[in-house]
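Residue numbers (my numbering), protein chains in the order written: chain A, 2 to 303; chain B, 2 to 303.
Take a look at the structure set out below.
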């Protein structure tokens, strides 16, 4: 554990940032190429895809299991690093040591370990033709356009030919120092949407099940030490983190996600945007917040 | 408890709505007039106000105390009813029986009690000259203009001369049936922002401390019985709910809230809107979500 934390600012996402460590050298192994998310058809049929077991993280806490889908299409280097650290059991027994209600729950190894040097930031990808992105269809406060790609909320800007993942509730992202290329070990899960962090920290996955357990995590005080939980309180433990692909095939949970580039999902967006139930005696504005749009996800019996 | 619930839709905010009870008669006692929120200067000096003890609700759960400020300026009838039910100890021992992660935590008496007939809805008030409202200063997805009045997030529409309280995280609002004038006993606390409910259900207070305990409440399954917690699971209890004014003066906690119609608070908005720290290598859009703006609140020693 770092001994002399200099916690200066709530902007300081990682502890190591706040400690202003200077001897971190960037990982020089070749960065992996973006890999498309598998579109393998699940047991629920054509409108759904099965999450690949190597992108499915099962993280156990005393409250219950947090299930995460990693996104190698937007952040291949971060996904590779997270998979490697999970497989090395680097997170087992570590804590969610900085949890600020309404902001983020941050966990990880909470130290500098030369085995895991910092990796290059991956905040955006080329937009290309935008195939596969389902546009939301109304304005957004933070991005020129927003929508969904494979169940992930995305922002896009045609002028700069970029797309990126959004800091919506449940987003999994990498903490870092002030220098962009200094993250790689400690992560956070977004509690309330924090869209101003978009394109500044690397989102590389999202919680698909168990956000109610993330919400139970012991909080720190945001006004003390940037929300780092202080003794005698302790952050809740990551009892274990595994990839589903590390389990025997017949023990791998089968999570399926509704495709988002379909008329069926567009109908879901529209029925949230247009509230036609007579319950609404004042017709709400016809708008959806991209972070408030659930993407149906199911654990299908196997 | 109601025996035969017909739970048809997630829109159905109250259980009684879903049960389609028809014999509810509106409370005919005269509706109280809006009462301005006291601007009594607190121990922190002129930039702060002390919350009036009669508008301060202390709600104990096994996780910790939820502290709520009621707003008699926007919803005098709802505040009066809630104060009356609290003083009658109507909520003690009752449950948060419908809790949907990322949506709302609903609690109350979960039955029809002729002692507490439905009250008239209070979703908006005349805007008047809008004195006392600090405008946010940027666009909003759901309202023509938004801002803050006495620490509460508000929407306003000059064309119809109305202002209203927003469904931001921590908002306290009243559940109801399809008919607007059918609420009065069962309330909900907003978890993630639900702005499409604005002007359709009566917001009458907000949680000023203890949202982390609300977030710990036992969840229901949103796909089963509209999120009502099913046996053998049980909703977490409201161990007790009291007004601070019911305590001896020397036992009343002194909560103070920063005034929001001041240059000091406008500076806080602007420093969130303009992220000038070099940490942000991609400058975020200069915009704040009204629901993501904390209003400083402190428990001051007494």
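We put the CB at the ideal spot given by N, CA and C, even for glycine.
This structure is a prediction, so every number in the text was calculated from the model and none was measured.
Closest residue to residue 224/B among 76/A, 56/A, 282/A, 297/A (Cα-Cα distance): 297/A
Scan the segment 192–271 of chain B and note each continuous beta strand (DSSP E) run of 3 residues or more that stays entirely inside, going in chain order. 204–210, 241–244, 255–259
Verify the CB distance criterion: does residue 179/A have a CB-CB separation below 7 Å to chain B? yes
Considering only the alpha carbon of each residue, which of 167/B, 149/B, 128/B, 130/B lies closest to residue 136/B? 149/B
Is residue 216/B near residue 237/B, with beta carbons less than 7 Å apart? no
Taking the alpha-carbon positions, what's the residue 125/B to residue 49/A distance? 43 Å
Amino acids of chain A, ordered along the chain, whose beta-carbon sits closer than 7 Å to that of residue 288/B: 142, 143
Which runs of the alpha helix (DSSP H) spanning at least 4 residues fall entirely within the segment 112–154 of chain A, listed in chain order? none
Does the beta carbon of residue 97/A come closer than 7 Å to any beta carbon on chain B? no
Which same chain residues, not among the five before or five after residue 30/B, have their C-beta less than 6 Å away from its C-beta? none
Please tell me whether residue 291/B and residue 141/B are closer than 7 Å, where the distance is taken between their beta carbons. yes
Contacts around residue 275/B, its chain only, beta-carbon distance under 6 Å, and the 5 residues preceding and following it disregarded: 287
Find the nearest neighbour of residue 65/B within the set 86/B, 104/B, 214/B, 88/B, judged by alpha-carbon distance. 214/B
If the cut is a Cβ gap below 7 Å, which residues of chain B does residue 103/A touch? 170, 212
Pairs of beta-carbons, one from the segment 256–263 of chain A and one from the segment 99–118 of chain A, closer than 8 Å: are there three or more? no
For residue 103/A, count neighbouring C-beta atoms within 10 Å of its own C-beta (all shown protein chains included) and say buried if the count is 16 or more, exposed if not. buried
For residue 74/A, which of helix, strand or coil comes out of DSSP? coil
Between residue 221/A and residue 250/B, what straight-line distance do the alpha-carbon atoms span, to the nearest angstrom? 30 Å
Tell me which residues share the same chain as residue 131/A and place their Cβ nearer than 7 Å to its Cβ, disregarding the 5 neighbours each side in the sequence. 157
Closest to residue 191/A by C-alpha separation, out of 183/A, 293/A, 98/A, 107/A, would be which residue? 107/A
Buried versus exposed call for residue 302/B [16 or more other C-beta atoms within 10 Å across all chains shown]: exposed
Residue 96/A - containing beta strand (DSSP E), residue span: 96–100
Residue span of the beta strand (DSSP E) that contains residue 301/B, given as start and end: 298–301
Is there a Cβ of chain B sitting closer than 7 Å to that of residue 280/A, yes or no? yes
Can a CB atom of chain A be found closer than 7 Å to the CB of residue 283/B? yes
For residue 28/A, which residues from the same chain have a beta carbon less than 6 Å from its beta carbon, with the 5 sequence-adjacent residues on both sides left out? 118, 120
Residue 50/B: first and last residue of the uninterrupted beta strand (DSSP E) it sits in: 46–51
Can you name, in chain order, every residue of its own chain whose Cβ lies under 6 Å from the Cβ of residue 37/B, other than the five neighbours on each side? 74
Rounded C-alpha distance that separates residue 138/B from residue 144/A: 18 Å
Per-residue burial, residue 166/A [other beta carbons within 10 Å of its own, 16 or more giving buried]: buried
For residue 164/A, return the contacting residues in chain B, with the cut-off set at a CB-CB distance below 9 Å. Going along chain B, no residue has its Cβ under 9 Å from residue 164/A, so there is no contact; the nearest lies around 14 Å.
Applying the 10 Å Cβ sphere with the 16-neighbour rule, what's the burial state of residue 164/B? buried
Residue 283/A burial status per 10 Å Cβ neighbour count (16 or more: buried): exposed
Please work out which residues of its chain come closer than 6 Å, Cβ to Cβ, to residue 101/A, disregarding the five sequence neighbours upstream and downstream, and give them in chain order. 223, 228
Quick check on residue 189/A - is its C-beta less than 7 Å from some C-beta in chain B? no
Going straight from the alpha carbon of residue 194/B to that of residue 170/A, what length do you get? 11 Å
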